[in-house]
Structure formats: structure tokens, C-alpha cells
Amino acid sequence: MVGTTVLSAKKIITMNSYAPEATHVAIRDGRILGVGSLEQVAVWGDYELDDRFADKVLMPGFVEGHAHAMEGSVWDHAYVGYQDRFDPDGKRWRGARSLDEVIDVLSEVERTMGDPDEVLFSWGFDPIYFDSERMATKHIDRVSATRPVLVLHSNGHVLNVNSAVLNAAGIDRSTNVEGILKDENGDPTGELAEMAAQYAAYKAVGNPLLDGISANALRRYARSAVNAGVTTATDLYAKFDDSSLAAYAEVAGEADYPLRLVPAMNTLDLPFDEGIERVRYAMKSSSEKLHYGLCKVMTDGSIQGFSGRLKWPGYFNGAPNGIWNMPPEQLTDLVMAYHKADMHLHIHTNGDEASELMLDAIEAADKAYPRRDHRHTLQHCQMADESQFRRMSALGVCSNMFANHIYYWGDQHRDITMGPDRAMRMDAARTAERTGVHFAIHSDAPVTPLGPLFTAWCAVNRLTESGQVLGANECISVESALRAITLGAAYTLKLDHLVGSVEPGKYADFAVLDDDPTNVAPGKLKDIGVWGTVTGGIATKAAEKAG
Amino acid sequence: MKQPATSPKPFTVIGGFLGAGKTTLLNRILRDARGTRFAVLVNDFGDVNIDVSLIESHDGTTMSLANGCICCSLANGFIKTMIDLMRQPENFDHIVVEASGVSEPAKIMDFARIDRELDPDGIIVLVDATSFNERLVDGKLTSILTNQIRSADLLILNKVDEASAEEIKQVRSSLGELAGGTPVVETSHAAVPLGIVLGVDAGAVQSADDSVPAIDSVHSHAEMLFHTATLTFDRPIERPAFDKFTEEMPSGILRAKGFVNLEGKTFLWQKVGASAQLTPSGNRQCEDTKIVLIGTSEIDDRPLLKLLDPEQVSA
Numbered sequence: 039m040v041g042t043t044v045l046s047a048k049k050i051i052t053m054n055s056y057a058p059e060a061t062h063v064a065i066r067d068g069r070i071l072g073v074g075s076l077e078q079v080a081v082w083g084d085y086e087l088d089d090r091f092a093d094k095v096l097m098p099g100f101v102e103g104h105a106h107a108m109e110g111s112v113w114d115h116a117y118v119g120y121q122d123r124f125d126p127d128g129k130r131w132r133g134a135r136s137l138d139e140v141i142d143v144l145s146e147v148e149r150t151m152g153d154p155d156e157v158l159f160s161w162g163f164d165p166i167y168f169d170s171e172r173m174a175t176k177h178i179d180r181v182s183a184t185r186p187v188l189v190l191h192s193n194g195h196v197l198n199v200n201s202a203v204l205n206a207a208g209i210d211r212s213t214n215v216e217g218i219l220k221d222e223n224g225d226p227t228g229e230l231a232e233m234a235a236q237y238a239a240y241k242a243v244g245n246p247l248l249d250g251i252s253a254n255a256l257r258r259y260a261r262s263a264v265n266a267g268v269t270t271a272t273d274l275y276a277k278f279d280d281s282s283l284a285a286y287a288e289v290a291g292e293a294d295y296p297l298r299l300v301p302a303m304n305t306l307d308l309p310f311d312e313g314i315e316r317v318r319y320a321m322k323s324s325s326e327k328l329h330y331g332l333c334k335v336m337t338d339g340s341i342q343g344f345s346g347r348l349k350w351p352g353y354f355n356g357a358p359n360g361i362w363n364m365p366p367e368q369l370t371d372l373v374m375a376y377h378k379a380d381m382h383l384h385i386h387t388n389g390d391e392a393s394e395l396m397l398d399a400i401e402a403a404d405k406a407y408p409r410r411d412h413r414h415t416l417q418h419c420q421m422a423d424e425s426q427f428r429r430m431s432a433l434g435v436c437s438n439m440f441a442n443h444i445y446y447w448g449d450q451h452r453d454i455t456m457g458p459d460r461a462m463r464m465d466a467a468r469t470a471e472r473t474g475v476h477f478a479i480h481s482d483a484p485v486t487p488l489g490p491l492f493t494a495w496c497a498v499n500r501l502t503e504s505g506q507v508l509g510a511n512e513c514i515s516v517e518s519a520l521r522a523i524t525l526g527a528a529y530t531l532k533l534d535h536l537v538g539s540v541e542p543g544k545y546a547d548f549a550v551l552d553d554d555p556t557n558v559a560p561g562k563l564k565d566i567g568v569w570g571t572v573t574g575g576i577a578t579k580a581a582e583k584a585g
Numbered sequence: 038m039k040q041p042a043t044s045p046k047p048f049t050v051i052g053g054f055l056g057a058g059k060t061t062l063l064n065r066i067l068r069d070a071r072g073t074r075f076a077v078l079v080n081d082f083g084d085v086n087i088d089v090s091l092i093e094s095h096d097g098t099t100m101s102l103a104n105g106c107i108c109c110s111l112a113n114g115f116i117k118t119m120i121d122l123m124r125q126p127e128n129f130d131h132i133v134v135e136a137s138g139v140s141e142p143a144k145i146m147d148f149a150r151i152d153r154e155l156d157p158d159g160i161i162v163l164v165d166a167t168s169f170n171e172r173l174v175d176g177k178l179t180s181i182l183t184n185q186i187r188s189a190d191l192l193i194l195n196k197v198d199e200a201s202a203e204e205i206k207q208v209r210s211s212l213g214e215l216a217g218g219t220p221v222v223e224t225s226h227a228a229v230p231l232g233i234v235l236g237v238d239a240g241a242v243q244s245a246d247d248s249v250p251a252i253d254s255v256h257s258h259a260e261m262l263f264h265t266a267t268l269t270f271d272r273p274i275e276r277p278a279f280d281k282f283t284e285e286m287p288s289g290i291l292r293a294k295g296f297v298n299l300e301g302k303t304f305l306w307q308k309v310g311a312s313a314q315l316t317p318s319g320n321r322q323c324e325d326t327k328i329v330l331i332g333t334s335e336i337d338d339r340p341l342l343k344l345l346d347p348e349q350v351s352a
């Protein structure tokens, strides 16, 4: 044997323009040797036929251009979000549709905990869906009044705690600090909205999410990826300290690790020269399953948190304009320094004032230090208007849009944050396509669930949680959406020569699907079953969904 | 309610936009500290300019200096840095935080208002006399700058040597509109006396003798004089008299701190710029009131002492 395997499938959607469909793919040394019919791939010599996917549809392994490895660590803690979610092991966490249901979930977890002092940490709570009263200590104390219990909201910026945490943190009616919500009697309700109040809670009882990434979290992240058909995924706000780099290297070196990791260093915490040096240092240890080079920049906040920076007329409900994570001129200097040093920038911009600032910065940097093919990417890029997309096109800037927002918060954007007209152009994938911008779409997991087929469904159908279409003219075709979650995303990562299509020479990475996405009703895209993935020729089965 | 094991650590926030001189000031604090071991939290280690011979150790996020100060990078986030720092209270006496150019200093000071192991000292905001007004009208910055100025207990108008008299006048006018009651100290090269920035306990006050004018240790730039005085009063003070005393404090007195015997109970009284607070002193009891005052001009303590005398007030 020469070590050639031929995979047969009902259909292989290659995303490869000269041969878009196939039934067989030959694999050698973890790479694609040939693709076509059995006769066409048989010319490479002896092979072993693997027909376990004979009734499946293969696509290039999906590429998630904006997610976080924290998806692998949050599931160590109780999920109390509104929608059903599956953890990396396939366990269904039922969406908690009311305050009572949140308490039920927490109580169930609490009963399984031995040590009475162990902290019960939970995440994903989103009261924007509830009309009922606000969560308070009296509710969480029903779970336990003695064990510290923390409920982190899905936005990551608000925290609810029980009385055990308030006591440990020394927060009482005499504490006069912004962000500590109080009831009509002047007692704290346990809702802590600002950094200082959360500091007090975390100082007293800890926060498991404050630590850097671990190898174990990366393994769990990869399990989530397999469940969604993803074989290449970013960790788009990474610390590049020694322990994090060691964790990436450890898992990437494991033969059966099923994910190609693309960590993007958070640039905001380091002086420019040190950050650039750190990325260059990490790049020396890039390998087949570990691809360094991306640099993440945070400019503004979020739209639903009213912290995104908007141009006139601002927030529909009159909320004041959002925040900058760094002074605008420093952000501009950062772009200049990293661009000059040949770095590849992935820039978080939610509001249109933020995307405008960054387009100005990239234009200035490129004028000073002209570069071909920099592929700087505006991430989220939710409110960019058509004129900004035209500039992106002219400047060679890519856009990776947060299509899942349309479903999860589209109703709120139409009614509260943006108003009906601007909400229609959120995550304007069709405009990106028309103006010639290279684009991708993403989940921002764990903010929303990792699942490129779901993300594609959002971009194709643009349906909100309440079932209304938000901006029909920004819908894209199924073909465009499938490209966005494969080659489109690979392009923004400068990995399109290695992943994103089924072509000879590329990694043998596949999403193994139960149905053909091009042959189901567009409304069913999200319902297509995922058997698992093949990464470098090694198949990994998705977790059985349970619960 | 938990009481801290040791006395709370003073917590000072240094705010201001880009180029206002925060780094220059922080470098001076680290270099010129005497007796007080500051923990200085900075956004960017690269800007800390300390003689290498003074650095005893450096582990990437914390730098220890020969004079006992430590300098911590905020690269791990403010919450985590503070939690890690507060686990080693034996290693420092006073925390000084550099607020990033876009942060809201008051929200940083809230850490000290909520943590009983910390004592909210003051928010000092530096203002660049050469660029403030131009930036204030930039729509992307207006709300940030307005918030910073309004949060300040004390404003340091820096770089006055680079600004014209007209520019200084215009910036002062803007500051007056934004925060009328807040004292403004003019300086250049952030050469403001550390006693004003960090208070009388900070060890930076070199004039040990009462009312002897001291000269700040930075001689290379425009030298700035400051004055101290210590008021002592040997009887319990009536509340109305004390209120009158605080109301009539001359505006040139920028900081004050001391224990006050108020109708037989001991309180700690602290003043930074325009804001003052009176808190129960806990276990510490004293018969005599003793308050140290710091100002930019000579302090005449006689009229102040008179205010504390109930006979004078009722007369």
C-alpha cells in the first residue's frame, strides 16, 4: 500500500470552480491527491476504498472566521440562556424561557454539587427576552442561600449573584457605587452592572473565566467544531502569553486533534512593537494545525449593549453613543504600526462610526506603506453602509459579518437599537457581494452557537427570532452562503491556499453532512444533520445529540 | 460586614487623555517615591522609563523596584490585575492607577469605594493645555473628555509652557464650564508636587517641618512650590463649627487629611480638591484634632483655627 485512501460519497460539493461536484476524493499524507469520479482518482495508483460516507454529502470542512476557544471552557459551567444549546458532548441544555426555568436549571445543577462551598457559576442569561420582573437575590437564593451562585448575562457585562456572594463581597445597602442595582428599600438586588461591582464579587468568590486558555478547553472547543462540521476555527481574541501558546502547541501536536486553530492576538494590551514581536515569535511555531499571524483589534462595543459607536442619527431609542476601547487616534496609530510591519489585522467594528474610523486608518496606512493583498478584515461589520462597502472593495478590505445577529437580536435591532430602516442593512452580505468585497459570516461562539450551516441559513433567509424577514434585499443565495463559510472565510484568514475547497494539494478536511445543502429548501439549511468531520484524512464523529 | 485585617490602602486614579502627561507623572512617582511603596498600575510598560539599575525583578507583568515600589501592567485586564494585587497587600502601601485615555476615572475609583480593603483617595485628571479645546469639539471624543473632567477631584493643567496665554485662558474657560468647582493647578512637564497628587501620607512630601515651603524634587523643569501646614486643636469640635471650617477652606488648599475629634468621636477627614469626606475612624481614638493641609500658596492657619473655636462661631 502507498497509503492512499479514496473516500466515496453520495456527492462532494468541492467549492472548486473547475470541477464543482464529485463523488470520490483520493487522500494521501493528510492531503487531497485527486478529486472526481472513482475512475478519475484511481489513476493515482493503489488505494483503499473507504465507503462509509457513501450515503453522505461531503463539503470542504467549514471555516469559522470569528469564534472563541472560550466555547470550550464555558461548558464547564451551567448554561442558562433563552435558546436550547448543545454542549461539546452533545448534551442539550434546554433554553430557560422564564425566570423560574432559570432557577430550575440552576437548582438541578446545584443538587449534583458535593462541596457546599464550591461556586456555582452560570452563563448565557439574557433577560432581554423576559417581560417579567428582574432577577434578584431572592430568586437565586432559592437555588442556595449559602453556596455562592453567579449568573453571568450573555453580554458578559452584567452579573446577577445570590446573597452569599453579596455577603462575601461586602456589598450591602451602604455600598454606593454605580452599577449596583437597589430595590425600593435601598437594598442591593444582586444585579451588578459595572466593573467595580463585578470585581468585588470575583475577588470574593472567583471567576473561572478570567484565566487564560487551557489545552483541555481547546479539546472541548474542537469537539464543538466537529459537531458543527468545522475543521478550521479562529480564537479571535487570544492572549499570547507563554501558557496559552503552550496550550495551542500541545493540542495541535496531537495526531487526532480534529481542528486547525487560528489564534488572533489581542493587540490592545501590548505596546505596538511588543505585540508585533510577539506575533512574529508565535508564527515561528505555526504548524499544520496551528496558524498564527492574525492580530485582533477591538474598536467599539456591541449594538445590543448600546456600546457600538454609531454615526448620526445614533441609537433609535436615543441611547447615548457607545464606547471606544482605545482613543481613536491611538487605534489609528495601531493600524499604521501593524500594517507597516506586514501584520494581518482583524478589526472588531460593530457601529458605522467604528468601521469608518478603521477604513480611514487603513487607507492612511496603505497610502504611507502600500501593500498588495493585506486582507485586513472588518469583523462583525454590522452597520457598514453601501458607501463603506465600496471603500472596502477599493482598499482590499474583507468583511466578516455577524449573520447570526439577524436571528438572535434582529427584532430588538428593528424595534430598539437601529429602527426599521437601518436594521434592514445590518450584516449586509448581499451588498458586500455586489460591491466585490471578499466576505465571510460568523457565529462569534460562544456568544451564539457555533454552526456554519445555521449562520448560512441566517444570511440566506434573514429571519428574526419572531419569524420576520429583516431586509429581504440583503439575502444571499445558498451558493454564496456556502462559499462564505468555506472559501470566503479561508480567504479572510489567508488560508485559502490550504483549506476552504476540495482541491489537490489542500488539506483533506471535510464536513460530513446527511443532506445536500444545495438540494434542500433554503429554510431547511440549518436542519441538515452533521455526521462529523474529516481533518487531514482522519474522520471524527460528532457527539450524539441527547436530551 | 467584613472588616479588613490591615488598614485600607489609599487608591489614587490618574486620568487624562492621550498626551496629557500621565506617563510623565507616573514615572516621577515611581522614581521619586520616598518611604511609601506605591503599586502603580499602568497600561503600557513600554512607557515606563525607569533606570534599569533600579529594577530588581521583572516577570512580564510586574516590575519590582529597589525603592520598594512595584509597577504592574494591566495587560491581563483591570479586574484580574486588581484581584492578583490585593492578594499580596504586604507588598505595597498605596495604589496608583493610570486610567486609560478612554476610561471613565470614576468607574475605576468605584473599585476603592466598594472594596473595604481600599481607601478612595482622589481622582487627579491631567489636561493638555495645547490640545484640549481642539479635542473637546471632536465628536468622537467629546463625551470621553467631558466625563473625565467632571470626574476629577483635582485638575492638573499641564504643558502651560507650550501654550499661549490665550490658549490657557480658553482651556481654563472650558474647564470652568465643565467642572466649575474643581481646582485647577497649572504646571509643565507634569512637575506638580507629588504631595498634591498623592496626599500627605504618601511620603512624597519632603517638607517634614510644618509650614516650611518644600521644593519638589524635579529641578530640571519649572519648579513649583507647595506649602504645608499642620493644624492642631486640643478640644472636641462642635459640628456646626467644623462644617463652617470646611466650607471656608481657602481654595488654594488642594489636599487635607487628619483625624478630627468631633463632639467626642474621632473621624478621619480627607479632602482632595473640591471634594471632602468624613468617615468614622474605627478603632483609632484621639483627643486632639490634627490636620495636615497642602496648598500652592502659603497657608495662614490662624483664621482656620478661629473657625474651630465655638466661641468665635457663636459670636
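Here the protein sequences line up with chains L and E, keeping their order. Here our numbering = 1-based position in the first sequence + 38. Here our numbering = 1-based position in the second sequence + 37. For glycine and all other residues, C-beta sits at the position ideal for the given N, C-alpha and C.
Can you name, in chain order, every residue of its own chain whose Cβ lies under 6 Å from the Cβ of residue i, other than the five neighbours on each side?
i: T270 of chain L; result: V101, R298 and V537
i: R258 of chain L; result: G110 and P126
i: S170 of chain L; result: L137
i: E288 of chain L; result: A253
i: V162 of chain E; result: G52, G53, Q185, A189 and L192
i: D246 of chain E; result: With a pLDDT of only 34 at D246 of chain E, under 50, the local geometry of the prediction cannot be trusted, and no value is derived from it.
For residue i, I'd like the list of residues in its chain whose CB is within less than 7 Å of its CB, leaving aside the five on either flank, ordered along the chain.
i: T502 of chain L; result: I444, Y445, G448, D449 and L508
i: R187 of chain E; result: L215 and A216
i: R132 of chain L; result: D122
i: A47 of chain L; result: T61, F91, A92, K94, V95 and L96
Where do the ends of the beta strand (DSSP E) carrying residue i lie?
i: G162 of chain L; result: L158 to F163
i: K49 of chain L; result: T42 to I51
i: E102 of chain L; result: F100 to E102
i: T303 of chain E; result: K302 to V309
i: Q314 of chain E; result: S312 to P317
i: F282 of chain E; result: That residue, F282 of chain E, is in no beta strand (DSSP E); its alpha helix (DSSP H) goes R276 to E284.
i: H62 of chain L; result: E59 to R66
i: L23 of chain L; result: Nothing can be reported for residue 23 of chain L, as the shown portion of chain L is limited to 39 through 585.
Based on DSSP bridge pairs, tell me the residues matched to residue i.
i: A302 of chain L; result: L:L332
i: S101 of chain E; result: E:S94 and E:I107
i: H384 of chain L; result: L:K334 and L:T415
i: C436 of chain L; result: L:T415
i: D156 of chain E; result: E:P47
i: D88 of chain L; result: L:L45
i: M97 of chain L; result: L:A549
Where do the ends of the alpha helix (DSSP H) carrying residue i lie?
i: K117 of chain E; result: F115 to M123
i: N64 of chain E; result: K59 to D69
i: S201 of chain L; result: S201 to A207
i: P366 of chain L; result: P366 to K378
i: D280 of chain L; result: D280 to A290
i: E391 of chain L; result: D390 to A406
Under 8 Å by Cβ, that's how I've got residue i and residue j pegged, so tell me the actual separation to the nearest angstrom.
i: T283 of chain E; j: A313 of chain E; result: 6 Å
i: F163 of chain L; j: V112 of chain L; result: Not quite, the Cβ-Cβ distance comes to about 12 Å (not below 8 Å), so this is no contact.
i: V63 of chain L; j: L76 of chain L; result: At roughly 10 Å, the Cβ-Cβ gap does not stay under 8 Å, so V63 of chain L and L76 of chain L are not in contact.
i: A166 of chain E; j: V222 of chain E; result: In fact, because the Cβ distance is near 12 Å, the residues do not count as touching under 8 Å.
Leaving out the 5 sequence neighbours to the left and right, which residues in its chain are closer than 8 Å to residue i when beta-carbon positions are compared?
i: A234 of chain L; result: V215, E216 and G217
i: S94 of chain E; result: M100 and S101
i: S182 of chain L; result: E148, L158, N200 and A202
i: G208 of chain L; result: A238 and A242
i: D338 of chain L; result: S345, G346, R347, G360, I361, W362, N363, H386, T387, N388, G389, E391 and A392
Where in the stretch 217 to 265 of chain L do unbroken runs of the alpha helix (DSSP H), each at least 4 residues long, occur, reported from the N-terminal end onward? 233 to 243
Ignoring anything shorter than 4 residues or poking outside the stretch 468 to 525 of chain L, list the alpha helix (DSSP H) runs there in chain order.
-> 490 to 499 and 516 to 521
Complete runs of the alpha helix (DSSP H) confined to the stretch 164 to 217 of chain E [at least 4 residues]: Whole alpha helix (DSSP H) segments, 4+ residues: 169 to 173, 179 to 188 and 202 to 215.
Taking only runs that begin and end inside the stretch 540 to 578 of chain L, name each unbroken beta strand (DSSP E) of 3 or more residues, in chain order. 548 to 551 and 568 to 573
Note to self: As an exercise, report each continuous beta strand (DSSP E) stretch of at least 3 residues that is fully enclosed by the stretch 110 to 180 of chain L, in chain order.
What the structure shows: 158 to 163
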